[in-house]
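Asker: Counted the way our numbering counts, the sequence shown spans residues 39 to 456.
By construction, the Cβ of each residue, glycine as well, lies at the ideal position given by its N, Cα and C atoms.
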Amino acid sequence: MSIREWMKKWFFKDCSVVTDDNVNFNPTDYTANIEYKAAFMLPMSKKIQACQNIAMAVYKKTKDGKGKDLVKEHVLNDLFNMINPNTSFQDFLDYLLVWLEGSDNGVLLEVIKGIPSLRPDLYVHSPSNFTVYFEGRRIREIRINNPYRSIVGDELKNYMWIRSPNYLNIIDGINSSGIGSGYTKHNSMAMYGAYSEQAWKWNWSLAKNLGKPGGILQTEGVVDKEDREEIKARYSAHYGGSDNAGKPIVLGSGLKYQDTSRAPIDSDWSTAEQKAHERAALASGVPAELVGGGESTYQNRKQAKKELYREAVIPFFNKLKSWLNYLFSEYLKNGEFIDYDLSGADELKEDIGDVITKLEPLKDRLTINEYRKIVSLLTDLSLGDVEGGDVLLVNSGVATLDETITPTTTEGEEVDDI
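1. DSSP three-state call for glutamate 235: helix, strand or coil?
2. Provide the residue span of the beta strand (DSSP E) that contains arginine 187, from first to last.
3. Quick check: the Cα distance between glycine 331 and asparagine 338, rounded to an integer number of angstroms?
4. Taking C-alpha atoms, which residue in Ser83, Leu415, Leu160, Glu425 lies nearest to asparagine 124?
5. At the level of alpha carbons, what is the spacing between proline 165 and glutamine 312?
6. Threonine 169 and arginine 187 - do their beta-carbons sit closer together than 8 angstroms?
7. Provide the residue(s) that pair with methionine 94 in DSSP beta bridges, ordered along the chain.
8. What residues in its chain sit with their C-beta under 8 angstroms from that of tyrosine 364, if we drop five residues either side in the sequence?
9. Give me the residue from Leu380, Asn71, Pro154 with the minimum Cα distance to serine 367.
10. Ignoring anything shorter than 3 residues, give me the beta strand (DSSP E) runs that lie fully in the region 60-145, in order along the chain.
11. What does a CB cutoff of less than 6 angstroms around alanine 93 pick up in its chain, not counting 5 residues either side in sequence?
12. Cutting at 8 angstroms between CB atoms, please list the residues of its own chain near leucine 421, excluding the five before and the five after it.
13. Thinking C-alpha only, which one of Pro65, Glu179, Lys84, Gly152 is nearest isoleucine 217?
14. Taking 7 angstroms as the cut-off, is the C-beta of phenylalanine 127 nearer than that to any heavy atom in the ligand GDP?
15. Go through its chain and collect everything with a Cβ distance to glycine 144's Cβ below 8 angstroms, but skip five positions before and after it.
16. Determine the contact status of isoleucine 394 and valine 429, defining contact as a CB-CB distance below 8 angstroms.
17. Give the straight-line distance between the Cα atoms of glutamate 73 and methionine 79, rounded to the nearest whole angstrom.
18. Helix, strand or coil for serine 219? Go by DSSP, reduced to three states.
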């Protein structure tokens, strides 16, 4: 089957893939074990790494209501180091992102409470370990498979089911079967993951077979079946495989070799694999430049990392803080709230040289301390206030505003100066 025929069958098979075995690819074959698929896990690893640079804690509003102060001694703060004795908060983010984005069923969060003055534990259940049952518009029961438990009544307050919206539901979170289900958007992107996998298989097959599609060995004499098999075996042993790529072919016994390889444009699966990875990355909200796609220059990757935070990571943390504030509401009764801190995300900070260049036109409009605060916010520097720094600098920073407007004539001199 030619590549062109393969592509034609693929695109006209309702998002299924036909391999040379004539076996249809079902999207669930890809999504069922999606955590083992490189097309999914490569971009997800970039997103996980970015999320793990962000810290969370308990805060209170400042008196003026414009900022927030860290509540250092709050009982929940330790939760953002270890959510339970076995799992760190960093690993929690890893599980949450992969299961939430890769599965229809999403994840189930469970809070285990003890003495009110002690912090609770938080557990996250795999999508395959629970089922949510509805009665009307309310959750009637959550069944956990291992170890088996049936959660009903007031116990449901200690659980939160998080999943992607299912557009096939009859009323937002409810479907007609009475069993809750989300719908991962990677279902619609499974074709790209399948394409990537098939492209990899193609390239791997080429690597094992001279690095290109096979040729034809001809002889003028009569060759029986056993001779053909022996010639094929010897030819493959001496010239097949990546270790033999580029070596010259030496033929004997009247054999002739006819190259049947296609033009590069017909068999450029390397480019095809890269494009499939790019599209799978975009489905995860990760810029293609971070998975080797696009024009992956230093400046492009630098900008792509900022884009990852702004378009994927920060929106995710806005949701996460809402979920956690709801789940731990009984621990947050005195105006406290759970929020995140972006100061650990170096990718969002500007280079010091770029910041100073951009702030140059503002020097005449800022006090020294205001200027230092802005530089600190935009870079890794921690510049505190300086004594006498609440003055404006003018003339490109060589004099203060007071010095500039003080008269310099003898009539304007002060008595003490005279």
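Answerer: Walking through what the data contain:
1. Along the sequence shown, one-based indexing puts residue 235 at 197. The answer is helix: DSSP assigns glutamate 235 an H, G or I state.
2. The residue labelled residue 187 in the question sits at position 149 within the sequence shown. It spans 187-189 - the beta strand (DSSP E) in which arginine 187 sits, taken as one unbroken run.
3. Stepping through the sequence shown from its first residue, residue 331 is reached at position 293. Stepping through the sequence shown from its first residue, residue 338 is reached at position 300. Each residue's Cα considered, the two are about 11 angstroms apart.
4. By 1-based counting over the sequence shown, the position of residue 124 is 86. The shortest Cα separation from asparagine 124 among Ser83, Leu415, Leu160, Glu425 belongs to Leu160.
5. Along the sequence shown, one-based indexing puts residue 165 at 127. Along the sequence shown, one-based indexing puts residue 312 at 274. Between the alpha carbons of proline 165 and glutamine 312 lies a distance of about 30 angstroms.
6. For the purposes of this step, residue 187 is taken as the residue at position 149 of the sequence shown. For the purposes of this step, residue 169 is taken as the residue at position 131 of the sequence shown. No, Cβ-Cβ distance for arginine 187 and threonine 169 is not below 8 angstroms.
7. Residue mapping note: residue 94 aligns to position 56 of the sequence shown, counting from 1. Paired residues: Tyr378.
8. For the purposes of this step, residue 364 is identified with residue 326 of the sequence shown, where counting begins at 1. The beta carbon of tyrosine 364 sits closer than 8 angstroms to those of Met198, all from its chain and outside the five residues before and after it, given in chain order.
9. Here residue 367 refers to the residue found at position 329 of the sequence shown. For the residues Leu380, Asn71, Pro154, the minimum Cα distance to serine 367 belongs to Pro154.
10. 93-99, 106-108, 120-122
11. Along the sequence shown, one-based indexing puts residue 93 at 55. If we look at alanine 93 and ignore the five residues flanking it on each side, its Cβ neighbours are Asp379, Gly382.
12. Here the question's residue 421 lines up with position 383 in the sequence shown. Closer than 8 angstroms at Cβ, skipping near neighbours: Arg410, Lys411, Val413, Ser414.
13. Sequence index remark: in the sequence shown, residue 217 carries index 179 (1-based). Residue Glu179 is the option with its Cα nearest to isoleucine 217.
14. Ligands are entirely absent from the displayed structure, and the ligand GDP is therefore not among its contents.
15. Numbered from 1 along the sequence shown, position 106 holds the residue referred to as residue 144. Contacts found: Trp137, Leu138, Pro165, Trp199, Ile200, Arg201, Ser202, Gly220.
16. Indexing the sequence shown from 1 puts residue 394 at position 356. Indexing the sequence shown from 1 puts residue 429 at position 391. No; because the gap between Cβ atoms is not below 8 angstroms, this pair is not in contact.
17. Residue numbering aside, residue 73 sits at position 35 when the sequence shown is read from its first letter. Residue numbering aside, residue 79 sits at position 41 when the sequence shown is read from its first letter. Near 6 angstroms, if we compare the C-alpha coordinates of methionine 79 and glutamate 73.
18. Mapped onto the sequence shown, residue 219 falls at position 181. Reduced to three states, the DSSP call for serine 219 is coil.
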